[in-house]
Amino acid sequence: MKKRRTASVIFGVILLCLFILLAFHMRQVKVVCVGDSITYGSGAGRYRDTKSYPALLQKKLGNGYRVRNYGLRGRTILDYGNFPYKEEPEYKKTLKEKGDVYIIMLGTNDSKVRNWNTEDYKEQLRAFVTSYQKVNKRAKIYLMQPPRCFPDEKTGIVNYKVKNDLIATEIHKSVAEVGLECGAIVIDLYEFTEDHGDWFADGVHPNVKGYEKIAGYIYEVLKETL
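For the sequence shown, our numbering gives the first residue as 1075, with consecutive numbering after it.
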């Protein structure tokens, strides 16, 4: 009788362990996308919900992953910028997610002359990345260098007062430096989009084709590094 009871207990423990292991492996990897309108999906028009880069990334990664889009239009890293991301409720939500993966891209709106300061940008981007590392020490952080911005065909000027020369130089370099300092993986969207003005709806925001290309590029990087 005791042998049967012992065998039953052992069998129960084994089943419990198997259940825990199965539950662990079935847990979705949380991917949190943080950024401005390019993360939000502006430029994709009525297809934003399905054609933003986070939505497309979800399709590519599959059911083992849960991708969340926390992009907000016009937001900056700089706390004295037009609309600082850290002052938004979404920022707190991204921290509460305790994501396994954070994909961060903020800088396009920081490039506006009234906003820009190189040292402040680096310092505040560094603090921003660190805030996510504090809520999940195991989180994988990806920092994206913003894509190229193209002049409007009619005016010859980049829309929204965005400064592509700053994106190409100071912001590109700053993101690379902060990424190295924080142990983040840097994804270079500037070089990837540099010769593809046709991927953009208004020179600043990607169109559907652009988002598809960007999502595909990010997916390939994730495949190699996760």
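Each residue gets a CB set at the ideal place from its N, CA and C atoms; glycine is no exception.
- Straight across, the Cα-Cα distance linking residue 1219 with residue 1179 is about 7 Å.
- The continuous beta strand (DSSP E) containing residue 1141 extends over residues 1139 to 1145.
- In the structure shown, the three-state DSSP call for residue 1207 is helix.
- In this structure, 1284 is the residue among 1284, 1168 and 1137 with its C-alpha nearest to the C-alpha of residue 1222.
- Within the same chain, 1259 come within 7 Å of residue 1299 by CB-CB distance, once the 5 residues on both sides are set aside.
- DSSP places residue 1284 in the uninterrupted alpha helix (DSSP H) bounded by 1282 to 1299.
- For residue 1278, there is no enclosing beta strand (DSSP E), as DSSP gives it neither H nor E.
- Judged by pairs of C-beta atoms under 8 Å, the region 1229 to 1239 does not touch the region 1119 to 1133, as fewer than three such pairs exist.
- Under the three-state reduction of DSSP output, residue 1107 falls in the strand class.
- Residue state for residue 1149 is assigned as strand, using DSSP reduced to three classes.
- Beta-carbon to beta-carbon, residue 1118 and residue 1175 are separated by about 22 Å, too far to satisfy the 8 Å threshold.
- The C-beta separation of residue 1110 from residue 1147 comes to about 7 Å, placing the pair in contact by the 8 Å criterion.
- With fewer than 16 other Cβ atoms inside 10 Å of its own Cβ, residue 1101 counts as exposed.
- DSSP lists 1177 and 1259 as the bridge partner or partners of residue 1216.
- Straight-line measurement puts the Cα of residue 1177 at about 15 Å from the Cα of residue 1254.
- Between residue 1168 and the set 1116, 1245 and 1106, the nearest pair of CA atoms involves 1106.
- Per the C-alpha coordinates, the member of 1104, 1129 and 1143 positioned closest to residue 1282 is 1129.
- In the DSSP assignment, residue 1123 falls within the alpha helix (DSSP H) that extends over 1122 to 1125.
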